[in-house]
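Enquirer:
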Amino acid sequence: ATAIHRADYVAPAYWIDTVDLSFDLDPTKTRVLNKMTLRRNPDVAAQALRLDGEELNLARVLVNGQGTSFKMDGNQLVLENLPEGTEPFSLEIFTTTCPAKNTKLMGLYVSNDSFFTQCEAEGFRRITYFLDRPDVMAMYTVTLRADKAKYPVLLSNGNLVEHGDLDEGRHFAKWVDPHKKPAYLFALVAGQLVAREQRITARNGKEHLLQVYVRPGDLDKTEHAMNSLMASVAWDEARFGLPLDLERFMIVATSDFNMGAMENKGLNIFNTKYVLANQATATDVDYANIESVVGHEYFHNWTGNRITCRDWFQLSLKEGLTVFRDQEFSQDLCADPSARAVKRIEDVRVLRTAQFPEDAGPMAHPVRPDSYIEISNFYTVTIYEKGAEVVRMMQTLTSRAGFAKGMTLYFERFDGQAVTCDDFAQAIADANPGSALANLLPQFKRWYSQAGTPRVGARGTYDAEAQTYTLHFTQSCAPTSGQPSKQPYVIPILLGLVGGTSGQTLALHAQDGPGEAYSNYLFVVSEESASITFTHIQEEPVPSILRGFSAPVVLDFEYTDAQLLTLLANDPDPFNRWEAGQRLALRSAIKQIAAHADPAGAGGLNDAYIAAMRSVLRHPTLDAAFKELVLTLPSETYIAEQLDVVDPQRIHTVREAMRLQLATALQVDWEWAYEAHHDNGAYSPDPLSSGRRALAGMALTYLCLAAVQSGDAVWPGKVLQRFKDASNMTDRFNALSALVGSGHALAVPALARFHAMFKDEALVLDKWFALQAGAPDRGGQILPAVRQLLTHADFSIRNPNRARSVIFSYCSANPGGFHRPDAAGYVFWADRVMELDSINPQVAARLARALDRWKKLADPYRNAAREALARVAAKADLSNDVREVVDRALA
Ligand code: B3K
Ligand code: ZN
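FYI, the numbering for the sequence shown is 408 to 1298, going by my numbering.
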């Protein structure tokens, strides 16, 4: 396979105006008739029509109703003798496929005896021959025919215009999509499904039908998804003036899905994980994820579907923007500001533990990549999460109202078109003349073109006599593959000053700024170095820099412990308050990791830190969700990112010792926290009550850890009782996790009981598998347990959710269990990558990323990891997906 380059983009030689598809659905042989009207693109030199197709059996090709000559060139169907001129002509292509054998879950496939499709990015070519590229937008009519008893529900995009019975127990349905769309947004569903329905009236008085389709028996788990959908519709109208443009909007859940969900026009297809929830089976985190994924897919209806991408290099145009929108949506649904901050901290945690490593590793790529081999590999945290940060910075630089104006201009200019990231940035800037974004647009767009995480160095100088405080900033960005040196970025730094003695918020008068004083100041750094001076500063301040994480950078400021403790106690910015605690913990961890002493010893947290954690935990006004975040130590992955050479076992041991230290030193406080925060009343997944459950769950975890250490049996017994009596999945699962995570003997019967209770609930069994595969390793017991789980009757490697719950939970989310000195974890990984690759390359390629950071590992891990990668790379018939990942890792 060869790389595709952004610079090589050329417009298509033909346009497809209409597509009329008919399907005779059958699991082993589905017949597809594709009638299109096409015309030559007058802007491009006359040439043959080359249609993409993959794993199709071609039966017939007609041009204007007549047979025609054609040839095959690899996976392309090439038509050379087409009518001259630019008049439209018709092209009919008749093919068959075998959905039952489609284990890649791209194109048309069967799951639980129903038919589903997944076309993004390049799955439509597995359904019919087509110009399978996002800049070809057509009007679709779709007719589905199938056995009525087996497939009573027949769905496609748009409106149902006709349906009825056919001979031999078959029936049909005809759908017309009123909007033109790229092929990747096509969808069909057929099967035994039932729907929750809701009629809504939009602001403009228009009526819409919302439907959530699931398997019979799952209807009692659709209320939250429907509520989330209604909230999404209302939010997009209120915040951006974007109404629902369809009479009918459908969500369908399937249990076999490569990712989270897909925004097909009017017919979103979802992984069941992001639809199904009731209090008995779903946790608070599941509820929150459903809300954000339902929102995300719905918001694509405008950002992605009405305006789509010119080519796949522009993927972040829709994904970064839509993640930003779903983050804002979830924040706006929070009633109180503290819950908004909690959401922001969670989002930043994802960015820093997943995207920063990606940006520093072999798969580093710009938000708008310059080349790829397999586009499926570029649905990354960089495109999504860093892309969202880039959009967020645009909002920061133009204000919330200014950004909304920019969005309006974007839709005025480009509705119905396939465009680029440049087009988007230009629209936001043009709507905000005089803004920092408009003034610095070319430099700002380096966020799209340069890979890597910038580092901002900051230093403060206080002049007590002059009562001035100056912050000096520098910026740099390490080389990434193909980009040896970087130009400076435009970095919006939101900052404030906290009195070093008083702890008070200090008023900010910028030396050359307006006369007015602020408590928050936005300083935009766009050169390699810059500084700002504040006047009337009457005590030595502690700077609170990068409030709300105003830019996706690493901030280096040499805080003293005392300064961090001041911020932890007083910073009015909740993000930086949390960050101060993280910095303190990180500092202790790194010190302990570097020390020669046995890392399993005393735990490296000092008394001041412990005392500070106690005051946070006991704080009278901070909310529980925020406390839980502050009391969570930086993850092993995040700690590893701060080190040049990584010994995963040492990190694990040090962090576990720190956890034990928190458990024992704060035991009385944990007891108090549990008693004060566990509820037994009615369940509601709102942020406030979720936060209470999260903190109570954390308390149980620490109480079990302390009990295992001391041999005390009281708390483990209580936790088991809590596990049995819990009235919702969050409390039940937290109790179970506390037992499993501590390694207490009661975990064994609890796990057995949990399995028996939920043996028919696939999503709950996924949790059961994931909990065991992700449990802390104590003496190497996890890998054998994982191997055992693979032989469990409920395990199937073909189901992506189940494969992820065991294999990914171990290889990607359990560093202490995975990085074994005997290399057995890596051997297991290589075997699974190769096994999965022959079934489902996309899932395999995700798993292949687990060794991205192997070059940082200390020996013996490093050598063993390279060998495992080399073994995978040596396999002859690897997919492009896995090939690209392992080749880049080894390069
Ligand atoms: N756009 C889809 C992702 C498709 C992934 C294809 N490999 C879901 C989303 O981002 O909303
Ligand atoms: Zn998306």
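Even glycine gets a Cβ: it sits at the ideal position worked out from N, Cα and C.
Being a predicted model, the structure only gives us computed values, none of them experimental.
Express the C-alpha separation of Ser856 and Gln890 in angstroms, rounding to a whole number.
Expert: Taking the first residue of the sequence shown as position 1, residue 890 is located at position 483. Taking the first residue of the sequence shown as position 1, residue 856 is located at position 449. Cα to Cα, Gln890 sits roughly 10 Å from Ser856.
Enquirer: Apart from the five residues on each side of it in sequence, which residues of its chain come closer than 6 Å, Cβ to Cβ, to His879?
Expert: As a first step, residue 879 must be located in the sequence shown, where it is residue number 472. So the qualifying residues of the chain are Arg866 and Ser938.
Enquirer: Return helix, strand or coil for Tyr1268, following the three-state DSSP convention.
Expert: Against the sequence shown, residue 1268 aligns to sequence position 861. Helix, per DSSP.
Enquirer: Does the count of Cβ pairs from the stretch 1005-1023 and the stretch 1185-1197 closer than 8 Å reach three?
Expert: Contact between the stretch 1005-1023 and the stretch 1185-1197 is absent, because fewer than three Cβ pairs lie under 8 Å.
Enquirer: In this structure, does DSSP put Cys828 in helix, strand or coil?
Expert: Taking the sequence shown and counting its residues from 1, the one referred to as residue 828 is at position 421. Cys828: helix per DSSP, three-state reduction.
Enquirer: Does the beta carbon of Glu726 fall short of 7 Å from some heavy atom of the ligand ZN?
Expert: By one-based count along the sequence shown, residue 726 stands at place 319. Checking every heavy atom of the ligand ZN against the Cβ of Glu726, one is found closer than 7 Å.
Enquirer: Helix, strand or coil for Gly1224? Go by DSSP, reduced to three states.
Expert: Here the question's residue 1224 lines up with position 817 in the sequence shown. Helix.
Enquirer: According to DSSP, is Asp963 helix, strand or coil?
Expert: Stepping through the sequence shown from its first residue, residue 963 is reached at position 556. Of the three classes helix, strand and coil, the one that applies to Asp963 here is strand, per DSSP.
Enquirer: Mind checking whether Trp1236 and Ala1210 have CB atoms under 8 Å apart?
Expert: On the sequence shown, position 829 is the one that residue 1236 refers to. On the sequence shown, position 803 is the one that residue 1210 refers to. With respect to the 8 Å criterion, Trp1236 and Ala1210 are not classified as neighbours on the basis of their beta carbons.
Enquirer: Out of Val596, Gln850, Gly1124 and Pro1228, state which residue places its alpha-carbon closest to the alpha-carbon of Pro1156.
Expert: Against the sequence shown, residue 1156 aligns to sequence position 749. Checking every option, the nearest Cα to that of Pro1156 belongs to Gly1124.
Enquirer: Report back the beta-carbon spacing between Gly592 and Leu562 to the nearest angstrom; my notes put them in contact at under 8 Å.
Expert: Reading the sequence shown from its first residue, position 185 is the one you call residue 592. Reading the sequence shown from its first residue, position 155 is the one you call residue 562. Looking at the sequence shown, residue 592 is not Gly but Leu. At roughly 14 Å, the Cβ-Cβ gap does not stay under 8 Å, so Leu592 and Leu562 are not in contact.
Enquirer: Would you kindly work out how many angstroms separate the C-alpha atoms of Phe579 and Phe522, rounded to a whole number?
Expert: Against the sequence shown, residue 579 aligns to sequence position 172. Against the sequence shown, residue 522 aligns to sequence position 115. Straight-line Cα distance between these residues: approximately 15 Å.
Enquirer: Which residues does DSSP pair with Asn566 in a beta bridge?
Expert: Reading the sequence shown from its first residue, position 159 is the one you call residue 566. Answer is Val583.
Enquirer: Check whether the Cβ atoms of Ile900 and Val932 sit closer than 8 Å, and answer yes or no.
Expert: Position 493 of the sequence shown holds residue 900. Position 525 of the sequence shown holds residue 932. Yes, Cβ-Cβ distance for Ile900 and Val932 is below 8 Å.
Enquirer: Check whether the Cβ atoms of Val692 and Ala660 sit closer than 8 Å, and answer yes or no.
Expert: Indexing the sequence shown from 1 puts residue 692 at position 285. Indexing the sequence shown from 1 puts residue 660 at position 253. The answer is no: Cβ separation not under 8 Å.
Enquirer: Should Arg759 be labelled buried (16 or more other beta-carbon atoms within 10 Å of its own) or exposed?
Expert: Against the sequence shown, residue 759 aligns to sequence position 352. Classification of Arg759: buried, given that the 10 Å Cβ count is 16 or more.
Enquirer: Between which two residues does the alpha helix (DSSP H) holding Ile1046 run?
Expert: Looking up residue 1046 in the sequence shown gives position 639. Run containing Ile1046: Glu1043 to Glu1048, per the alpha helix (DSSP H) assignment.
Enquirer: Please report the straight-line C-alpha distance between Arg385 and Ser1117, rounded to a whole angstrom.
Expert: With the chain running from 408 to 1298 in the structure shown, residue 385 is simply not present.
Enquirer: Taking DSSP's pairing of strands, which residues face Pro899 in a bridge?
Expert: As a first step, residue 899 must be located in the sequence shown, where it is residue number 492. Val931, per the DSSP bridge assignment.
Enquirer: Can you tell me whether Met1316 sits near the ligand B3K, meaning its C-beta is under 7 Å from at least one heavy atom of the ligand?
Expert: This structure gives no information on residue 1316, because the portion of the chain shown stretches from 408 to 1298.
Enquirer: Grab me the residues of Met1136's own chain with a C-beta within less than 7 Å of its C-beta, minus the 5 sequence neighbours each way, in chain order.
Expert: Counting from one through the sequence shown, the residue named residue 1136 turns up at place 729. Contacts found: Gln686, Ala687, Thr688, Ala689 and Thr690.
Enquirer: Below 8 Å between beta carbons: does that hold for Lys587 and Met546?
Expert: In the sequence shown, residue 587 corresponds to position 180, counting from 1. In the sequence shown, residue 546 corresponds to position 139, counting from 1. Yes.
Enquirer: Could you please give the first and the last residue of the uninterrupted beta strand (DSSP E) stretch that includes Pro950?
Expert: Within the sequence shown, numbered from 1, the residue matching residue 950 stands at position 543. For Pro950, the enclosing beta strand (DSSP E) starts and ends at Pro948 to Ile952.
Enquirer: Mind checking whether the beta-carbon of Thr729 lies closer than 7 Å to any heavy atom of the ligand ZN?
Expert: Here the question's residue 729 lines up with position 322 in the sequence shown. Yes, since a heavy atom of the ligand ZN falls inside the 7 Å radius drawn around the Cβ of Thr729.
Enquirer: With a threshold of 7 Å, establish whether the CB of Ser1286 neighbours any heavy atom of the ligand B3K.
Expert: One-based indexing of the sequence shown puts residue 1286 at position 879. Flag unset: Cβ of Ser1286 not near the ligand B3K.
Enquirer: Cutting at 6 Å between CB atoms, please list the residues of its own chain near Lys893, excluding the five before and the five after it.
Expert: In the sequence shown, residue 893 corresponds to position 486, counting from 1. Here the set comprises Gln857 and Cys884.
Enquirer: Could you please give the first and the last residue of the uninterrupted alpha helix (DSSP H) stretch that includes Arg1021?
Expert: Position 614 of the sequence shown, counted from the start, is the residue given in the question as residue 1021. Segment Asp1014 to Arg1025, the alpha helix (DSSP H) holding Arg1021.
Enquirer: What is the C-beta distance between Ala1015 and Leu972, in whole angstroms, given that I count them as a contact (C-beta under 8 Å)?
Expert: For the purposes of this step, residue 1015 is taken as residue 608 along the sequence shown, with counting starting at 1. For the purposes of this step, residue 972 is taken as residue 565 along the sequence shown, with counting starting at 1. Right, the Cβ-Cβ distance comes to about 6 Å (below 8 Å), so this counts as a contact.
Enquirer: At a cut-off of 7 Å, would you count His631 as near the ligand ZN, judging by its Cβ distance to the nearest heavy atom?
Expert: Against the sequence shown, residue 631 aligns to sequence position 224. No; taking the cut-off as 7 Å, the Cβ of His631 has no heavy atom of the ligand ZN nearer than that.
Enquirer: Tell me the residue span of the alpha helix (DSSP H) that contains Lys750.
Expert: On the sequence shown, position 343 is the one that residue 750 refers to. Pro744 to Val757 is the span of the alpha helix (DSSP H), which, as asked, contains Lys750.
Enquirer: Could you give the distance in angstroms between the alpha-carbon of Ala1047 and the alpha-carbon of Tyr966?
Expert: As a first step, residue 1047 is located in the sequence shown; it is residue number 640 there, counting from the start. As a first step, residue 966 is located in the sequence shown; it is residue number 559 there, counting from the start. Answer to the nearest angstrom: the Cα atoms are 21 Å apart.
Enquirer: How do the stretch 790-802 and the stretch 695-702 stand: do at least 3 beta-carbon pairs fall below 8 Å, yes or no?
Expert: no
Enquirer: Could you tell me whether any non-hydrogen atom of the ligand FMN is closer than 7 Å to the CB of His1026?
Expert: With respect to small molecules bound, the structure shown includes the ligand B3K and the ligand ZN and not the ligand FMN.
Enquirer: Which runs of the alpha helix (DSSP H) spanning at least 4 residues fall entirely within the stretch 817-864, listed in chain order?
Expert: 828-837, 843-846, 848-851 and 853-856
Enquirer: Tell me whether the beta-carbon of Leu683 lies closer than 8 Å to the beta-carbon of Met657.
Expert: For this step, residue 683 is matched to residue 276 along the sequence shown. For this step, residue 657 is matched to residue 250 along the sequence shown. No, the Cβ-Cβ distance between Leu683 and Met657 is not below 8 Å.
Enquirer: Would you say Glu461 touches the ligand B3K, meaning its beta carbon is less than 7 Å from a heavy atom?
Expert: Looking up residue 461 in the sequence shown gives position 54. False, no ligand heavy atom lies under 7 Å from that Cβ.
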